[in-house]
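See structure below.
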Amino acid sequence: MRIHIKQGHLVDPAHQIDKKQDLFISDGQVVAIGKAPEGFQADETIDAKGKFVFPGLVDLQTRLREPGQEYKATIASETRAAAGGGITTVCLPPDTTPILDTPAVIELIHRRNEAAGCAEILTLGALTQGLGGTQISEMYELKRAGCVGVTNARAPIANTLVMRRAMEYAANFGLTIFLHAEDHSLSKDGCAHEGIISTRLGLASIPEAAETMAIARLLMLVEQTGVAAHFCQLSSAKAVQMIHRAQFDGLPVTADVALHHLYLTEMDIGYFDTNCHVIPPLRSQRDRDGLRDGLLNGTLHAICSDHQPHDPDAKLAPFSESEPGMSTLDTLLPLALRLADETDLSQSDIISLLAYQPAKILGLNIGQLGVGARADLSIFDPEVSWTVSPETMLSKGKNSPFLDWELKGQVSQTLLAGKTAFKR
């Protein structure tokens, strides 16, 4: 299949392209930019006049709820929602049912995704068996099965020696370890940031120290073992400062932030809005500004969705008893691009944080549109205005704190390896 995407504004941070350029695709790969290769005859021409052509986004944290919780969402529903948001690659954490700690379960995920075909699923293998935090998993076998990294998700590893051995093991096989920094002895059963809002509402709190204490411990182990470490979904300004210092000292660490932490704060909990119940919690405005600064100075390398779809009942309980998490695939791209109007980040910077930089963290040649690259891309219409609602969201989970927000810009078509994965 040969495709000519004409008159679109191509944004490819990996190759410093940010201008109107035609794009030519053949056999699922980009074969030329600007001028058609000799003898090229398009089977399909896509008119992208007045629209942007972005590389397919790479989301470092997406829970699909399958296998194990198909009543919340499925691989088919959520990869379609991802494609509808311009996301062509998603990373699946191992805390599914069954847990992703054996090659057989990894193979199950890949087979089910082949049937859906809307986005590529990359798996993160379990760092410890059953995420129990006591016995190291068979990381080499998980890598052979296709895992791009290992993590214990949000399950605690209280024994520091186990964590050290796991890091050494991961380093030995060249695996990046994805870390969620949380001291569970400090966070306990907390559900909101420790501050005036949690105090006024009478909610059990999670102090900033639950994140920073864990980061300090983990950074010492990274320094000792030399493992490539990625810190997931930082939530506080102090955490950004600590990662920045570690990077200055030469430690092999990267970090990302979930998009909702760049917009929402503890104030948005209002009168117990359970859609704002997330872990790590929404923190102060100072923390939100510190996270934005972390993007500007390069400390934070990626923006992720931290997509967690839920069924309606999961959010109908009292705030502290509701299940944490937001449905965010539908709003990731337009909300991220809105940062260009509110910060000193350019549109190209934002696409880099959503596509090229996450791909670099994973060590994969995706998230870019150079000649020879896989043709994963989206066509984005910046003039479409739409309101976030259960009807406009493609995800099966409607638990979004951005309901009723009016957003500008929407993906009109997404290609995965040169094939249409989504089209409005």
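Here the sequence shown stands for residues -6 to 417, numbered as in our numbering. From the three backbone atoms N, C-alpha and C, an ideal C-beta is built for every residue, glycine too.
query: Of the listed residues D323, Q361 and D36, nearest to V381 (C-alpha basis); result: D323
query: Assumed close pair I262, V51 - CB separation to whole angstroms, cut-off 8 angstroms; result: That belief does not hold up - the Cβ atoms of I262 and V51 are roughly 30 angstroms apart, past 8 angstroms.
query: Per-residue DSSP class, three states only, for S315; result: coil
query: N-terminal and C-terminal residue of the beta strand (DSSP E) that H177 is part of; result: Not the beta strand (DSSP E): H177 falls in the alpha helix (DSSP H), residues H177 to S180.
query: Beta-carbon proximity of I170 to L120, cut-off 8 angstroms; result: yes
query: Secondary structure, alpha helix (DSSP H): runs of 4+ residues fully inside the region 167 to 235; result: 177 to 180, 189 to 194 and 202 to 218
query: Backbone secondary structure at C269 - three-state DSSP; result: helix
query: DSSP beta-bridge partners of L370; result: P48 and L408
query: Meets three-Cβ-pair contact criterion under 8 angstroms: the region 178 to 193 and the region 153 to 164; result: no
query: For K416, the residue or residues it bridges with in DSSP; result: Q406
query: Among S298, K13, Q217 and L57, nearest to I26 - alpha-carbon criterion; result: K13
query: Extent of the continuous beta strand (DSSP E) run through L117; result: E113 to A119
query: For V83, the residue or residues it bridges with in DSSP; result: D52 and I114
query: Per-residue burial, Q128 [other beta carbons within 10 Å of its own, 16 or more giving buried]; result: exposed
query: Close beta carbons around E399, own chain, < 7 angstroms, minus the five adjacent residues each side; result: S378 and T380
query: Neighbour-count burial assignment, V143, 16 or more Cβ in a 10 Å radius; result: buried
query: Helix, strand or coil at K308 according to DSSP, with G and I counted as helix; result: helix
query: Three-pair Cβ contact test at 8 angstroms for the region 399 to 417 versus the region 75 to 82; result: yes
query: Per-residue DSSP class, three states only, for E31; result: coil
query: Cα-Cα separation between K308 and P394, rounded to whole angstroms; result: 11 angstroms
query: Delimiting residues of the beta strand (DSSP E) encompassing L330; result: Segment L325 to E335 is the alpha helix (DSSP H) holding L330; no beta strand (DSSP E) there.
query: Residue from H177, R193 and D5 with nearest C-alpha to I208; result: H177
query: Assigned exposure category for D299 - 16 Cβ within 10 Å defines buried; result: buried
query: Span separating the alpha-carbon of T218 from that of C225; result: 19 angstroms
query: Three-way DSSP call (helix, strand, coil) for P375 in this model; result: strand
query: F47 versus K416 - alpha carbon distance; result: 15 angstroms
query: Sufficient close CB pairs (3 or more, under 8 angstroms) joining the region 5 to 22 to the region 248 to 268; result: no
query: Contact check, A435 vs L387, beta carbons under 8 angstroms; result: Missing from the structure shown is residue 435; the chain here goes from -6 to 417 and no further.
query: Strand pairing of E37, partner residues [DSSP]; result: I(-4)
query: Residue environment, V364, which counts as buried when at least 16 other CB atoms sit within 10 Å; result: exposed
query: Straight-line Cα distance separating M132 from Q122; result: 10 angstroms
query: Paired residues, beta bridge with K135 - DSSP; result: Position check: residue 135 holds Leu in this sequence, whereas Lys was assumed. None, per the DSSP bridge assignment.
query: Cα-Cα separation between M319 and L255, rounded to whole angstroms; result: 14 angstroms
query: Classification of N145 by the beta-carbon crowding that lies within 10 angstroms, buried from 16 upward; result: buried
query: Cβ-based burial, L154 [other Cβ within 10 Å; buried from 16]; result: exposed
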